Amino acid sequence: MVAKMKKFTFLVFYKDYEVFLSDLRDLGLIHVATNDKVVSDDEASLSLVAKLKQLQETKKVLNKARDKKNDQTLHPADIERGFQLIDEVDGIQQKKALLQQQLQVATKERDAIAPWGDFDPQILKKISDSGYKIHFFVVPSSQYNPEWESKFDAIVIKQEASKTYFVAVTKSDTLIDELGIEEVKIPEVSLSKLNGLTDSLKDEMRQLELQMTQLSADIPSLDVAIKQVESEITFARVKSSGNKLADDKLMLLQGWAPEDNMNEISQYLESKNAYFEISDPAPEDDVPIKFKNNKFTKLFEPIAEMYMLPKYNEIDLTPYFAPFYMIFFGLSLGDVGYGLFLFLVSTVAAIFMRKTLSANLRGMLTLVQILGASAFFCGLLTGGFFGFQIYDMQLPVFQKLKSIVFLDNNQMFILSLVLGVVQILFGMILKVFNRIRQFGFVYGLSTIGWFVLLVSMIISALLPKIMPMFGTLHLTIIGISAIFILFFNSPGKNLFMNFGLALWDTYNMVTGLLGDVLSYVRLFALGLSGSILASVFNSLAAGMSPDNVILGPIVAALIFIVGHAITIFMNTLGAFVHPMRLTFVEFYKNAEFSGGGKKYSPFRKLS
Amino acid sequence: MDTNLLLAYLGIGLMIALSGIGSAYGVTISGNAAIGALKKNESAFGNFLVLTALPGTQGLYGFAGYFMFQNIFGVLTPQITAIQAAAVFGGGLAMGLVGLLSAIRQGQVCANGIAAIGQGHNVFGNTLILAVFPELYAIVALAGVFLIGSAVA
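For the record, the sequence lines run as chains A and B.
Going by my numbering, the letters in the first sequence line up with residues 1 to 607, in that order.
Going by my numbering, the letters in the second sequence line up with residues 1001 to 1153, in that order.
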């Protein structure tokens, strides 16, 4: 169900505006009707957004730096510290980038000098001072000419990776030109010095990383700073949503709140001396949506939100698809063992992480429990247990159970189609109520006609004794529903228009219904293919394990565990998604759900 | 008859191979998109994983089809008749082709969803729903294989 909302209109003197807004924020119940722009583009808001980006960036960097192995104790949150961190982290990062650059240069030089060995460049200078020059060359080994050794006094230093490193000792440069090979430049620092340099650079980098890790203990401070900036942004947005009146002296603000909280809100606002008016929403208002459901239906709200929220004056379909979804999930998974597994895992998780879980996650776990239980019971229909067939066992309990609930594949096939017909007809009933509620009784008539027609067909097909197909009674019913279908499908338009539209409607209905019902075959096919895959892994585990007393069982267990882990993942994913499609496409379409509501999110302090 | 069995196994081969190839392509297409999108939004890896896994089912359906013929219907024996062999071949061909193409197309839908999530659009639920549209036809093909099998077994 959608909670009833009230519209609040506030009129505030411009000087009191900010104080009033912070009061409103402390109250935390009013959804302010903001304009669509996410942030206003004045300078203050833009700098806030920039600040938020910086903070988030900093947090990302620190999160990466966090020492995950040793659980580092976090420092208590301090908002000032959070803002300081931006510059500190930035400084460290800049230093790191600089070091990285130096390291790259040093590594390059080291790689250049490494083949020549470790020597002091000063010696080269001394030699050249005494009249001899040493030239360094690298050539592919195939091009090296041993004659050079006598001609140019070449000395091979090293042969590596089909390259020859050699030096030539000469008195003048002219000889070298004769050689026709380009000289290699040698860095003016020795190898050992360069090695020392890279080591010390790496050391400094490590120091910086350590600093960063230490800083990451301040992440909570960043979190509060982010919240602070976010709430400032929201505040600015709400502030800019007010309309100026009476020469900018008055501010007009509109908001929404659930009817249930109306008294609380009025009392609070009256204590603050604010002028406000409460009214009911008008049909054209864009009212925010707040769900108000019982405990069971509440669990399915996240699924409903994945698609779209209903419009305010529309029927919320969550309570109506929830039981179907539960059964569909069970049929698609269709394995007693997997259902039990999901149920146990979510139960254990709910018990052990009771304290740390947020309310949302706890709801999710309860949902998984329910869906697991549903898969357990639906699995009993076919009797699959981790791919084994429990009804093959000759235990009296199972045989008794089998005689009561067992359905073979053909029956499962029919069951899934029947469920489809039931859900679609149910959707049509909802469509009638939805139309009556939104537009008036006349608008529901054509759908009532369709519903009666379809039900009468089903009855006379199944129970020809009560109502023979195309007998007098049946023909009368068909006639009456045909009148509704043909002449009441778009009230207000003329007769011929109605008739023409009705034909188009009929075409859509017939082709659509066929496709919609067939779409429910997936319930059967998913359940069947899931159980086949599970049994495949059982036969693999039995067949592929080596004939060895120790190794055999180990390999069998491994295949069993890995195989079933895969099937559980794939089947659960399918069993989660496919019923969702049946809900959102087949069911929502037949219930004429249009959706598009905005979520109720009150203006409040982020905590 | 040996030729009958030959035809049947040809069908089985096509069914497993084509649907398997389709799934391999499908998960690769979405997987590639996921790696690219991780660069922009690494916090959504869970979403990407789920979407990447979706086109993986077709290959499993092909395999499940083989097991149906082998274990449930038990037609893959030397005593197989010509009609049974033709049924296995036809069913296998249908499952294989539909699996191949639907998995590739599904992979593309998932890849687009992944790219959009990477850019910060919250479309995980929408992509899930749209991505199972192509898969329906692979499921229908599997149901078809089941019906064909039960008709001739």
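Just so you know, even glycine gets a beta-carbon here, dropped at the ideal spot from N, CA and C.
Bear in mind the structure is a predicted one, so any value in this text is a computation, not a measurement.
At a Cβ-Cβ threshold of 7 Å, residue 396(A) and residue 443(A) do not count as neighbours. Our two residues, residue 1036(B) and residue 18(A), have alpha carbons roughly 45 Å apart in a direct line. Below the 8 Å Cβ cutoff, chain A contributes 409 and 410 as neighbours of residue 1150(B), in chain order. The shortest C-alpha to C-alpha distance from residue 1143(B) to any of 1123(B), 1132(B) and 1091(B) is the one to 1091(B). Comparing alpha-carbon positions, the option among 408(A), 581(A) and 577(A) lying closest to residue 1051(B) turns out to be 577(A). Fewer than three pairs of CB atoms, one per stretch, sit closer than 8 Å, so the stretch 118-126 of chain A makes no contact with the stretch 83-97 of chain A. Look at residue 1113(B): its C-beta is not under 7 Å from any C-beta on chain A. The closest CA to that of residue 1136(B), considering only 598(A), 435(A), 525(A) and 450(A), is found on 525(A).
In the assembly as shown, residue 109(A) is a buried residue. Its beta-carbon has 16 or more other beta-carbons within 10 Å.
In chain order, 541, 542 and 545 place their CB closer than 7 Å to the CB of residue 556(A), counting only its own chain and leaving out the 5 sequence neighbours on each side.
Look at the stretch 424-506 of chain A and you find these whole runs of alpha helix (DSSP H), each 4 residues long or longer: 445-462 and 472-487. Within the same chain, no Cβ atom closer than 6 Å to the Cβ of residue 513(A) is found once the five residues on either side in sequence are excluded. Using a C-beta cut-off of 8 Å, the stretch 528-535 of chain A makes contact with the stretch 558-577 of chain A, since at least three inter-stretch Cβ pairs fall below that distance. One finds 1125, 1128, 1129 and 1132 in chain B with Cβ atoms closer than 9 Å to the Cβ of residue 580(A), taken in chain order.
Approximately 22 Å separates the beta-carbon atoms of residue 1058(B) and residue 1115(B); this is outside 8 Å, ruling out the contact. Spatial neighbours of residue 594(A) in its own chain (CB-CB distance under 7 Å, excluding positions within 5 residues in sequence) are listed in chain order as 311 and 314.
About 18 Å separates the beta carbon of residue 579(A) from that of residue 346(A), a gap too long to meet the 8 Å contact definition.
Identification of residues in the stretch 510-535 of chain A having a C-beta nearer than 8 Å to some C-beta of chain B yields 518, 519, 521, 522, 524, 525, 526, 528, 529, 532, 533 and 535, given in sequence order. With its beta carbon less than 7 Å from one in chain A, residue 1142(B) belongs to the interface. Among the residues facing chain B, residue 321(A) is not included, as its CB has no counterpart in that chain under 7 Å away.
For residue 391(A), none of the residues of chain B pass the 7 Å Cβ criterion, the least Cβ distance being about 15 Å. C-alpha of residue 1016(B) to C-alpha of residue 462(A): approximately 40 Å in a straight line.
Annotation: residue 142(A) is outside any beta strand (DSSP E) and is labelled neither H nor E by DSSP. Between the alpha carbons of residue 465(A) and residue 1023(B) lies a distance of about 51 Å. Interface annotation for the stretch 1080-1109 of chain B against chain A: empty, criterion Cβ-Cβ distance under 9 Å. At a Cβ-Cβ threshold of 7 Å, residue 517(A) and residue 417(A) count as neighbours.
Of the candidates 574(A), 303(A) and 453(A), the residue whose Cα lies closest to the Cα of residue 480(A) is 453(A). When DSSP reads this structure, residue 5(A) sits in a beta bridge with 258(A). Within the stretch 559-578 of chain A, the residues whose Cβ lies closer than 8 Å to some Cβ of chain B are 569, 570, 573, 574, 577 and 578, listed in chain order.
Burial of residue 586(A) is indicated by the presence of at least 16 other C-beta atoms within 10 angstroms of its C-beta. Closest in C-alpha terms to residue 1005(B), from the list 1034(B), 1048(B), 1075(B) and 1041(B), comes 1075(B). For the pair residue 1025(B) and residue 1053(B), the Cα-to-Cα distance works out to about 12 Å.
Counting other Cβ atoms within 10 Å of its Cβ, residue 394(A) stays below 16 and is therefore classed as exposed. Following the DSSP letters along the chain, one finds residue 1048(B) inside the alpha helix (DSSP H) bounded by residues 1045-1053. Per DSSP, the unbroken beta strand (DSSP E) holding residue 245(A) starts and ends at 243-245. The residue from 242(A), 291(A), 221(A) and 192(A) with its alpha-carbon nearest to that of residue 78(A) is 221(A).
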